[in-house]
Structure formats: structure tokens, C-alpha cells
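As numbered in our numbering, residues 32 to 296 make up the sequence shown, in order.
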Amino acid sequence: MRKCLIVANWKLNNNTNTIKKFFHELKKNDHIIINTACHIAIAPSLMYLYLIKKYTINYPNIDLAAQNVDIHLSGAFTGDISAAMLKDIGVRYVIIGHSERKKYHKENNKNIAKKFEILKKTGLTPILCIGENQQEKKNGQTESICATQLETIFKLLGPQAFENAIIAYEPIWAIGTGITDTPENIQATHNFIRNYIAHYNTSIANQTIIQYGGSVNHTNINNLLIQPDIDGVLVGTASLTASTFTKIIKHAQKIKYSSLKINNI
Ligand code: 13P
């Protein structure tokens, strides 16, 4: 069974004070967080990874995630952070290919594939974001855009590429807009992605966690996670406060693990 993975992408938000408040609030919901069978990760600004590590010490099911990584492991690359450094401080997941990095930092599929490769070599788990923009959606190009983004990775790394990797389908037009596609359309794209990987390797396709991201909140999470190929979510805005993030985890627990009897949830 694929695990349900819920990742908070805090982007360029939160600070020492708000993080303290977040964990104070989270503590009130310990019965939900500690008992859930969902896997959780928090991707703060790199500045605060150590702080999150400190606050999550008593939460074995909350992992550290990073929002970016450099393609080099070490050397004269001012301002960059390497996969080796992230691993060194206990990071497990690294988000790559996010549309905001493509838009504001001119990242392209080739450069993202190199990041994917360095993460695999270092033993970190890439969360590869893929997805179409509004015009591409209108043109009916969702599948071909996702296929191109996946293809670059397969070309560089071969058929085993997605072993122990995670894909996050994030339609760009749904990010931060409050607009989502219908759960059925999202499911269809997730199914397309899984089938695409299955062309290369069926067992890897069946194991690959495919998350959805884009305006996820506690009101739409149920209808998303009920879909068979939506394994988890990558959450921006609704992950910024513990109260909204906890609600998402609570719903995810019910949908994905309702047959498991877990007290107090
Ligand atoms: P929102 O949840 O704010 O739409 O952001 C989604 C996202 O970009 C997660 O990576």
C-alpha cells in the first residue's frame, strides 16, 4: 500500500515567532498528529530547517523537507545549498521543479533532472513537481506537458528513475488561486502519470507516491484523497498555520486509513 504523504511547503513564509506559535498550536492536536498513519513533512525556508528539526524531535512521523537544492555537492558556488548538506542535517525530502522556481529562477527541465539525479545519488527523496499552465490546460495539453517533464528524467536516469521518488502534480493555474480542477480530472491526470511510468516499469509505477498540489485545504481534501491515484498532497497556504494543517491531516487519516482503528481521531 502506498503511504499517504502530506507535505507542507511554507515557501517564503513564517519566522521564528510564527513557527513557535505553529508548534504550540500543533501540540494541542498531538492526539491527531502522533496517532495518524499519514506521513508528514514540513518544508520551511532553509533558514529554519534546524528550528523545525528541534520542534519535531518528538514527532517521529514528521520529516524535514527542503524547498530547493543545488546541482553541485560542494565547491565555489556562493549562496547555494548542496544535497550533502541537506542530508547532513537530517532532511529526507527535497522539492524540485516547483513552478515558482521555474518562473522566478529560470529553472528548466534539464536543470531539474540534474537536481533529481544528485538527490538520488545522495540518498534523498526528490518530490518532483510537474504540471501545466492555464493556456496549456485550455489547449488540452495537460498530459503532453506532464509527459515531457517526466521524459527528461527518464532520459537522464533510465527506467529506474522513479524508484523511491515522489511526484507532485501541481497545475500552475491552481497554485495559490483557490481554484482546483474537479477531483475526477485530477485523478485522470494522476492515472496518466502512473501509466506513463508503467511503460518503463510497472512495479515502480505501482509504488510511486503521486501527490496533488494547488489550493488544497480541509474542505477539498476528502474529495481529492478518495481518488485511487491521489496518494497525498503538497500544501502551500493551508499549511501555514497548525489549525488548518491539522484539519487536513485529520481528514486524510479518515479517508486513507479509515479501516485502521486509531483512538481519538
Ligand atoms: P497553495 O496550496 O497555496 O495553492 O500552494 C501549492 C503549492 O505550490 C505547494 O507546493
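Glycine included, each C-beta is placed from N, C-alpha and C at the ideal position.
Computed from a predicted structure; not experimentally measured.
- Glu167 is positioned such that its CB atom lies closer than 9 angstroms to that of Thr173.
- With a beta-carbon spacing of about 4 angstroms, Gly263 and Leu36 fall inside the 8 angstroms limit used to define contacts.
- Between the region 78 to 98 and the region 264 to 284, the count of Cβ pairs shorter than 8 angstroms is below three; the stretches do not touch.
- Restricting attention to Ile50, Lys137, Thr208, Val247, the CA atom closest to the CA of Thr272 is found in Ile50.
- In the structure shown, Thr239 adopts coil according to DSSP, grouped into three states.
- Exclusion of the five residues before and after Leu104 leaves Ser113, Ala114, Ala115, Ile149, Thr153 as the residues of its chain whose Cβ lies within less than 8 angstroms of its Cβ.
- In this structure, DSSP gives Ile197 an extended state, which the three-state scheme calls strand.
- Asp119: member of the alpha helix (DSSP H) spanning 114 to 119, first to last residue.
- One thing to note: Lys146 has its Cβ within 9 angstroms of the Cβ of Asp101.
- Cβ neighbours of Tyr243 within its own chain (closer than 6 angstroms, five residues either side excluded): Tyr200, Ile217, Leu255, Ile261, Val264.
- If you look at Ile143, you'll find it in the alpha helix (DSSP H) that goes 140 to 153.
- Pairing Asn248 with Val266, the inter-Cα distance amounts to about 8 angstroms.
- In terms of side-chain proximity, the C-beta atom of Asn99 is found no nearer than 8 angstroms to any non-hydrogen atom of the ligand 13P.
- When secondary structure is reduced to three states using DSSP, Asn254 falls in the helix class.
- Excluding five sequence positions before and after Ser270, the CB atoms of its chain that fall closer than 6 angstroms to its own CB belong to Ala39, Phe276, given in chain order.
- The DSSP assignment places 70 to 74, 93 to 97 as complete runs of the beta strand (DSSP E) inside the region 47 to 116, in order along the chain (cut-off: 3 residues).
- Note: Cys160 is bridge-paired with Ala199 in the DSSP secondary-structure output.
- According to the DSSP assignment, Ala229 belongs to the alpha helix (DSSP H) that extends over 214 to 231.
- Look at Val125: its beta carbon is at least 8 angstroms from all of the heavy atoms in the ligand 13P.
- The three-state secondary structure of Leu188, taken from DSSP, is helix.
- With distances taken between CA atoms, Ile88 lies nearest to Ile65 out of Thr109, Glu163, Ile65.
- Take the alpha-carbon of Ile176 and the one of Ala107: they are about 34 angstroms apart.
- Leu36 carries a strand assignment under DSSP once its states are collapsed to helix, strand and coil.
- Secondary structure at Leu181: helix, using DSSP grouped into helix, strand and coil.
- Close CB contacts of Thr156 within its chain, under the 8 angstroms cut and outside five residues either way in sequence, are with Arg123, Tyr124, Val125, Leu150, Asn195, Ala196, Ile197 (chain order).
- Apart from the 5 residues on each side of it in sequence, Ile257 sits with its Cβ closer than 6 angstroms to the Cβ of Ile286 in its chain, given in chain order.
- Secondary structure note for Ile126: its beta strand (DSSP E) is the uninterrupted segment 122 to 127.
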